[in-house]
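To keep things clear, I will list the structure first and then write my remarks on it.
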Amino acid sequence: MAGEFWQAVIAGRREVKLERVPVPEPADDEVLIKVAYCAVCTWEQRVYSGVFQTYPLAGGHEVSGVVQKAGAGVGHVRPGDKVIVSGLHRCGMCDNCRRGLSNLCVHAYSAPAPEGRVPGPGGFGEYIVRKGEDVFRLAGHVPLAEAALGEPVACVVRSVKKAGVGPGDRVLVIGGGMMGLLHVQLLRGRAAAVVLSEPDPDRRAIALEMGADGVVDPSEPHFAHRVKQLVAGAGPTVVFVAVSVLEAVHQALSVAAPGGRVMMFASQPRGSAITVDPNLFHHKEVTLTGTVSQVPEDFHDAAALISSGKLDLAPFLTSFYPLTDIKAALDEAVENQGKGAHFRVVVQAGSGE
């Protein structure tokens, strides 16, 4: 497929530019996708604002689109299919990949860019090429704008699966941002009780609308007692930390029931440290673990969930910008991070549906 297309490149702190680049030809094991929508994730916000200075970067990894061309060796999608894609490079050969931990691929962030191209996932552009194994088909009725949240959904799928949540579990989710609220949606009906801890009253209200059994303000003077009241029993058997606040980690460990599991979903600021009494793990048998990104199986499950219509993703789509206004989109995302019902800014690269 000849021709050129527009690609947004984050060139420096608060600096982004549009470049004309050739439309790539997919190899036999690749798929050419016309991007419909790409949501602005926290990672791109941090690069754009200068927290992570990895310039230049062709950002954008929360992508939905339509297959334009599939290589000869790709049989599970064809032109016209709606898809979501993984933007995480997986070498398939390192020890982590071969143990089923491709989300921890040692080469995940060192993949070379195609010759003459800027490194990065490239979702802030009109076309992308992905390996066939990283492309996941959606049902034809799925709105592509909502499907742009496929990657965040896949991350939460992995979190919930790794925590091993069962029907008898009592769950506390700490943090009512989009990722915390996605946890609530995936957990409703799967656990005996799901409670969200969040200081913002608007987000607590949204959590109840999305199926939480209860909500609590973490600043309450008797927070632990209130949590135990809401979940019943000795406390939550599973706690998800879905906010980048160190105090949330302390709260999670303090309220977890004996034998409970604490899942570190959100990253914490670089250089963070906490002090924990190791006897907490000995005497209470509490497990502290973490999760990051996703593996292909999680994307497969995310595509199935989105296609089923069981997730309510529309409330997370706060505002839309055309690709030509990418700077305004990034500015809004950075300046409104964590504010009330402001969740995802979405860049529309194509003509939508």
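Under this note's numbering, the letters of the sequence shown match residues 27 to 379, in that order. Glycine included, C-beta positions come from ideal geometry on N, C-alpha and C.
Pull up the DSSP beta-bridge partners for Leu314, would you.
Position 288 of the sequence shown, counted from the start, is the residue given in the question as residue 314. Answer by DSSP bridge pairing, in chain order: Val288.
Ends of the beta strand (DSSP E) at Phe162?
For the purposes of this step, residue 162 is identified with residue 136 of the sequence shown, where counting begins at 1. Counting along the chain, the beta strand (DSSP E) containing Phe162 begins and ends at 161-163.
Can you tell me whether Ile300 is buried or exposed, with buried defined as 16 or more other CB within 10 angstroms of its CB?
Walking along the sequence shown from the start, residue 300 turns up at place 274. Ile300 should be labelled exposed.
Do you know how far the Cα of Lys254 is from the Cα of His133?
Position 107 of the sequence shown holds residue 133. Position 228 of the sequence shown holds residue 254. Taking the straight line from one Cα to the other gives about 43 Å.
List the endpoints of the continuous alpha helix (DSSP H) containing Phe325.
Reading the sequence shown from its first residue, position 299 is the one you call residue 325. Per DSSP, Phe325 belongs to the alpha helix (DSSP H) from 322-334.
Is Gly176 buried or exposed, if buried means 16 or more other CB atoms sit within 10 Å of its CB?
Within the sequence shown, the letter at position 150 stands for residue 176. Classification for Gly176: buried.
Between the stretch 183-190 and the stretch 75-82, do at least 3 Cβ pairs fall closer than 8 Å?
At 8 Å Cβ cutoff, the stretches do not touch.
Is Ala96 closer than 9 Å to Arg103 when the C-beta atoms are compared?
Position 77 of the sequence shown holds residue 103. Position 70 of the sequence shown holds residue 96. The displayed chain sequence assigns Val, not Arg, to residue 103. A contact, by the Cβ cut-off of 9 Å.
Rounded to a whole number of angstroms, what is the C-alpha to C-alpha distance between Gly203 and Pro225?
Residue mapping note: residue 203 aligns to position 177 of the sequence shown, counting from 1. Residue mapping note: residue 225 aligns to position 199 of the sequence shown, counting from 1. Computed Cα separation, rounded: 11 Å.
Measure the beta-carbon distance from Glu71 to Ala359 and round it to whole angstroms, keeping in mind my assumption that it falls under 8 Å.
Numbered from its first residue, the sequence shown carries residue 71 at position 45. Numbered from its first residue, the sequence shown carries residue 359 at position 333. Reading off the sequence shown, one finds Gln at residue 71, where the question assumed Glu. Indeed, because the Cβ distance is near 5 Å, the residues count as touching under 8 Å.
Does the structure place the stretch 147-155 close enough to the stretch 38-53 that three or more beta carbon pairs sit under 8 Å?
Taking 8 Å as the limit for Cβ pairs, the verdict is that the stretch 147-155 does touch the stretch 38-53.
Look up Arg155 in the DSSP assignment and say whether it is helix, strand or coil.
Mapped onto the sequence shown, residue 155 falls at position 129. Per the sequence shown, the amino acid found at residue 155 is Val instead of Arg. Of the three classes helix, strand and coil, the one that applies to Val155 here is strand, per DSSP.
Give me the residue from Ser333, Gln363, Val288, Thr344 with the minimum Cα distance to Pro169.
Start at 1 with the first residue of the sequence shown, and residue 169 comes out as number 143. Residue Ser333 is the option with its Cα nearest to Pro169.
Just to confirm the assignment: which complete beta strand (DSSP E) runs, minimum length 3, are found wholly within the stretch 213-288?
Within the stretch 213-288, the complete beta strand (DSSP E) runs of at least 3 residues are 219-223, 240-242, 264-267.
Assign Phe342 to buried or exposed, taking buried as 16 or more other Cβ atoms, counted over all protein chains shown, within 10 Å of its Cβ.
Translated into positions along the sequence shown, residue 342 becomes position 316. Result: buried.
Can you round the beta-carbon distance between Thr344 and Phe369 to whole angstroms, since I take them to be within the 8 Å contact cut?
In the sequence shown, the residue the question calls residue 344 occupies position 318. In the sequence shown, the residue the question calls residue 369 occupies position 343. Between Phe369 and Thr344 the Cβ distance is about 5 Å, and since that is below 8 Å, they are a contact.
Report buried or exposed for Glu235, applying the criterion of at least 16 other Cβ atoms within 10 angstroms of its Cβ.
If you number the sequence shown from 1, residue 235 lands on position 209. So Glu235 ends up on the exposed side.
From the DSSP output, which residues share a beta bridge with Trp32?
Here residue 32 refers to the residue found at position 6 of the sequence shown. Partner(s): Arg46.
Could you tell me which of Glu323, Cys120, Gly91, Ala189 sits nearest to Leu149, measuring between CA atoms?
Translated into the one-based positions of the sequence shown, residue 149 becomes position 123. According to the sequence as given, residue 149 is Gly; it is not Leu. Minimum Cα distance to Gly149 is reached at Gly91.
Nearest to Tyr135 by CA position, among Ala98, Leu58, Trp69, is which residue?
Reading the sequence shown from its first residue, position 109 is the one you call residue 135. The candidate whose alpha carbon is nearest that of Tyr135 is Trp69.
Short of 6 Å in beta carbon distance, which residues of its chain neighbour Gly158, apart from the five on each side in sequence? Order them along the chain.
Taking the sequence shown and counting its residues from 1, the one referred to as residue 158 is at position 132. For Gly158, where only same-chain residues beyond five positions count, the Cβ hits under 6 Å are Asp55, Val57, Val100.
Please classify Ser223: is it buried, with 16 or more other beta-carbons within 10 angstroms of its beta-carbon, or exposed?
Counting from one through the sequence shown, the residue named residue 223 turns up at place 197. Looking at its Cβ environment, which holds 16 or more other Cβ atoms inside 10 Å, Ser223 is buried.
Ordered along the chain, which non-local residues of its own chain (more than five positions away) have a Cβ less than 6 Å from that of Val111?
Taking the sequence shown and counting its residues from 1, the one referred to as residue 111 is at position 85. Taken in chain order, the residues that qualify are Val89, Arg156, Asp160, Val161.
Going by the DSSP bridge assignment, what does Gln294 pair with across the sheet?
Your numbering for residue 294 matches position 268 in the sequence shown. In the DSSP output, where bridge partners are listed per residue, Gln294 has none listed.
Go to Tyr135, then tell me how far its beta strand (DSSP E) extends in each direction, as first and last residue.
If you number the sequence shown from 1, residue 135 lands on position 109. Run containing Tyr135: none; DSSP gives neither H nor E here.
Along the beta strand (DSSP E) that carries Glu56, what are the first and last residues, could you check?
As a working mapping, residue 56 is identified with position 30 in the sequence shown. From DSSP, the beta strand (DSSP E) with Glu56 extends over 56-65.
Within 10 angstroms of the Cβ of Ala238, are there 16 or more other Cβ atoms? Answer buried if so, exposed if not.
Within the sequence shown, the letter at position 212 stands for residue 238. Ala238 is buried by the Cβ-count criterion.
For Asn305, count neighbouring Cβ atoms within 10 angstroms of its own Cβ and tell me buried if that reaches 16, exposed if not.
Position 279 of the sequence shown, counted from the start, is the residue given in the question as residue 305. It is exposed - the Cβ of Asn305 has fewer than 16 other Cβ atoms within 10 Å.
Which one of Val281, Val264, Ala268 has the shortest CA to CA distance from Ala250?
Within the sequence shown, numbered from 1, the residue matching residue 250 stands at position 224. When only C-alpha atoms are compared, the closest one is Val281.
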